[in-house]
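Residue numbers (my numbering): 1 to 164. Input: a single structure, listed below in structure tokens.
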Amino acid sequence: MNPFSITDADPDPEQEPTELAWRTYGPPALRFATVLVGPDDAHDIATSAFLRVLNSTGWVGLDQPQSYLFRAVSSEAHNHKRQRSRRWRRDLHAITAHDAIDNPVDLDVIRALAKLTIAQRSVVFLTYWNDMTEAAVADTLGLSTGTVHRTLVRARIQLRKALS
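Put into structure tokens, the structure is as follows:
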């Protein structure tokens, strides 16, 4: 039995709104998280953000729940990046220089995107993959339109330099 299916045979009033919310907002949040942290950690980031949002009092009665969830996914991605960075520095400090293996990545685009900040990746993803206007991105992420515009311009410049 699929734990995310809603059936008439199992009318659990506690579970139905959660499942419906996950079916509605989970896939876009998962795609967004994939862009921010990659496919390996995306599910953990999206579900953590979803559960945190669902348990918050602010979730009930929102006009734009997807925007609220996208902000939570972005926040969760920031936390994940900080934790990974701390862990990586600690692990690098623990090994000696001759033990390190250098595996250069051949995919220039992935490397260029990875160098962008989480905010830049968020804006680039929502603008180009979700076909959102700068105003819609600003509304979704809770930023001003000017901040979104500047972030997008800086991301384009950084990508152009890295890929030329």
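Cβ coordinates follow ideal geometry from the N, Cα and C atoms, glycine included. Here the structure is a predicted model, which means the values were calculated and not measured.
Can you tell me whether DSSP reads residue i as helix, strand or coil?
| i | result |
| --- | --- |
| D108 | helix |
| N79 | helix |
| S5 | Bear in mind that the predicted position of S5 carries a pLDDT of just 36, short of 50, making it too unreliable to give a figure here. |
| S164 | coil |
| T18 | helix |
| L152 | helix |
| V35 | helix |
| G58 | helix |
| S122 | helix |
| Q158 | helix |
| L51 | helix |
On the CB-based measure, 16 or more other CB atoms within 10 Å of its CB, does residue i come out buried or exposed?
| i | result |
| --- | --- |
| R87 | exposed |
| S122 | buried |
| A135 | exposed |
| A33 | buried |
| S74 | buried |
Find out if the Cβ-Cβ distance for the pair residue i, residue j is shorter than 9 Å.
| i | j | result |
| --- | --- | --- |
| I110 | K81 | no |
| W129 | R31 | yes |
| A155 | L126 | no |
Give me, in chain order, the residues of the same chain whose beta-carbon lies closer than 6 Å to that of residue i; leave out the 5 immediate sequence neighbours on both sides.
| i | result |
| --- | --- |
| R160 | none |
| T151 | A119, Q120 and V123 |
Excluding the five sequence neighbours on either side, which residues of its own chain have a C-beta within less than 7 Å of the C-beta of residue i, listed in chain order?
| i | result |
| --- | --- |
| D139 | S67 |
Whole angstroms is fine: what's the gap from residue i's alpha carbon to residue j's?
| i | j | result |
| --- | --- | --- |
| D41 | G146 | 31 Å |
| T18 | S164 | 46 Å |
| P165 | G58 | No statement about residue 165 is possible, as the shown extent of the chain runs from 1 to 164 and does not include it. |
Measure from the C-beta of residue i to each C-beta in chain B and report whether the shortest distance is under 9 Å.
| i | result |
| --- | --- |
| P17 | No chain B appears in the structure shown, which is made up of a single protein chain. |
Given residue i, which residues of its chain have a CB within under 8 Å of its CB, disregarding the five upstream and five downstream residues?
| i | result |
| --- | --- |
| I45 | A33, L36, V37, V73, E76, A77 and H80 |
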